[in-house]
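Numbering (the UniProt record's numbering), first residue to last: 1 to 281.
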């Protein structure tokens, strides 16, 4: 096959033929070719399109009748595709639900609570929706439960619908067996994979070590419209703080920890802002 060749410098000569081959291949889910589903008729060669093949009735020569015929074929193809897609979706759902176990919410269980309230100006698809976990204090009928809100930072109405909850997955306890072999006699399987030197390289002349990142702000703007961020850095062994461009930082672990803590603070601020609005008369 062409994809197995090492030297693939003439791929542009095959792209059009490969596209045509993909569009005329039978699709297992849709039950037909993409070409037929779009146009309503199967592709034909130049000779077949020029010369009449088989018996062509007089009514098929009428452009209006031929257009209606193609339209009916297209509608039947779309209907067949929708039926096949619905059947495939149902089959996949049934196969997924075979291994699922019922998870009834009981008193004392820990659950996650779904809250779709997002701070104005924030993207909903990037926001944190599941909050908690909360402990179930009481079951109120078949469709609602009462949560233990006291002692948490959330100020919510304790009775919620069960559709807004999902149980916290609990994992079995870890093994408690202790090894009786001395530490010096244990075999370290990863010892051969460790580097001879440290992962952290030595500091070059004029280079300083970052101790912590304290804040972030918008920095310079590039010619393409991208805005570089600047971070307020505390240097190890120095008291003065300085703003450093993002491209000049080489402390990936510290930067990742700062971003993670910043996201957590933003999530908490979003919840507090909405709870404050709900308490206003």
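For every residue, glycine included, the Cβ atom is placed at its ideal position computed from N, Cα and C.
Residue from the options with nearest C-alpha to residue i
i           : options            : result
residue 142 : 162, 132, 28, 214  : 162
residue 159 : 139, 84, 207, 21   : 139
residue 250 : 223, 21, 233, 133  : 233
residue 116 : 23, 126, 81        : 126
residue 71  : 41, 173, 98, 124   : 41
residue 21  : 29, 89, 35, 118    : 35
residue 213 : 174, 237, 255      : 255
residue 227 : 246, 211, 28       : 246
residue 30  : 248, 66, 68, 80    : 80
residue 39  : 218, 73, 65        : 73
residue 235 : 114, 211, 217, 92  : 211
residue 132 : 222, 152, 122      : 152
residue 113 : 123, 98, 129       : 129
residue 209 : 13, 98, 32, 252    : 252
residue 261 : 216, 26, 93        : 216
residue 207 : 248, 178, 218, 224 : 248
Residue i - containing alpha helix (DSSP H), residue span
i           : result
residue 128 : No alpha helix (DSSP H) contains residue 128, which DSSP labels as neither H nor E.
residue 21  : 15 to 23
Residue i burial status per 10 Å Cβ neighbour count (16 or more: buried)
i           : result
residue 15  : exposed
residue 111 : buried
residue 230 : buried
residue 263 : exposed
residue 241 : exposed
residue 77  : buried
residue 171 : exposed
residue 157 : exposed
residue 147 : buried
residue 53  : Interpretation of residue 53 is limited by its pLDDT of 47, a score under 50 that renders its predicted location unreliable; no figure is taken from the coordinates.
residue 169 : exposed
Residue i: first and last residue of the uninterrupted beta strand (DSSP E) it sits in
i           : result
residue 211 : 210 to 221
residue 36  : Element bounds for residue 36: not the beta strand (DSSP E) but the alpha helix (DSSP H), 34 to 39.
residue 166 : 165 to 167
residue 230 : 227 to 235
residue 114 : 110 to 114
residue 244 : 241 to 245
residue 160 : 159 to 161
residue 146 : 144 to 147
Same chain, Cβ closer than 8 Å to residue i, five either side skipped, listed in chain order
i           : result
residue 105 : 111, 136, 139, 145, 162, 165, 167
residue 149 : 134, 155, 156, 158
residue 269 : 119
residue 19  : none
residue 33  : 23, 24, 25, 26, 27, 42
Residues of its chain near residue i, where Cβ-Cβ distance is below 7 Å and the 5 sequence neighbours each way are ignored
i           : result
residue 109 : 136, 167
residue 43  : 24, 35
residue 244 : 230, 231, 233
Sequence-distant residues of the same chain with beta carbon closer than 6 Å to residue i, five excluded per side
i           : result
residue 239 : none
residue 124 : 118
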